[in-house]
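The structure appears below as structure tokens.
Residue numbers (UniProt numbering): 1 to 127.
Have a look at this one:
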């Protein structure tokens, strides 16, 4: 029913953290794949995401977002907690718009929020 909601009805969906993982086309470090198979992801966003990329809960951190000036979703310099956050490793389509990034050593610049341009309300955020 949820796949139908996303793919057929094209209804707005916002996925944070685990929701971001579920809405991703490809999921790396997916320990649930053996349990649920390849249908673990609902899809919807042409991105590759890596689960728990930044480590355990003890490795959590707070970062400052660099917001895309063409997008009004967040104010610039917003502070965001990353708690066992997934990492948007790759954008697979020109239809995905980057909403915000952050820089964090030793990882460099990372995408933390994105949006599907064709279905503007289909968006994800890793924190």
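Idealized CB from N, CA, C, for every residue including glycine.
*asked:* If you reduce the DSSP assignment to three classes, tell me which class residue 107 lands in.
replied: coil
*Over what stretch of residues does the beta strand (DSSP E) that includes residue 15 continue unbroken?*
13-16
*Contact the region 61-72 vs the region 93-102: 3+ CB pairs below 8 Å*: yes
*Cβ-based neighbour list, residue 29, same chain, cut-off 7 Å, excluding 5 preceding and 5 following*: Cβ neighbours of residue 29 beyond the five flanking positions: 50, 51, 52.
*Taking Cβ positions, are residue 111 and residue 83 nearer each other than 7 Å?*
For residue 111 and residue 83, no; Cβs fall outside 7 Å.
*What does residue 70 pair with, by DSSP beta-bridge criteria?*
Paired residues: none, contrary to the question.
*Cα-Cα separation between residue 15 and residue 47, rounded to whole angstroms*: 13 Å
*Kindly indicate which three-state DSSP category residue 44 falls into: helix, strand or coil?*
coil
*Since I believe residue 86 is in contact with residue 6 (beta carbons under 8 Å), could you give me their beta-carbon distance rounded to a whole number of angstroms?*
Going by Cβ atoms, the distance from residue 6 to residue 86 rounds to 18 Å, so no, they are not a contact pair.
*asked:* Taking the beta strand (DSSP E) that residue 24 belongs to, which residues open and close that run?
replied: 24-28
_Residues in the same chain with beta-carbon distance under 8 Å from residue 79, minus the five sequence neighbours each way, listed in chain order, please._
Contacts found: 62, 63, 64, 65.
_Per DSSP, what are the beta-bridge partners of residue 82 in this structure?_
61
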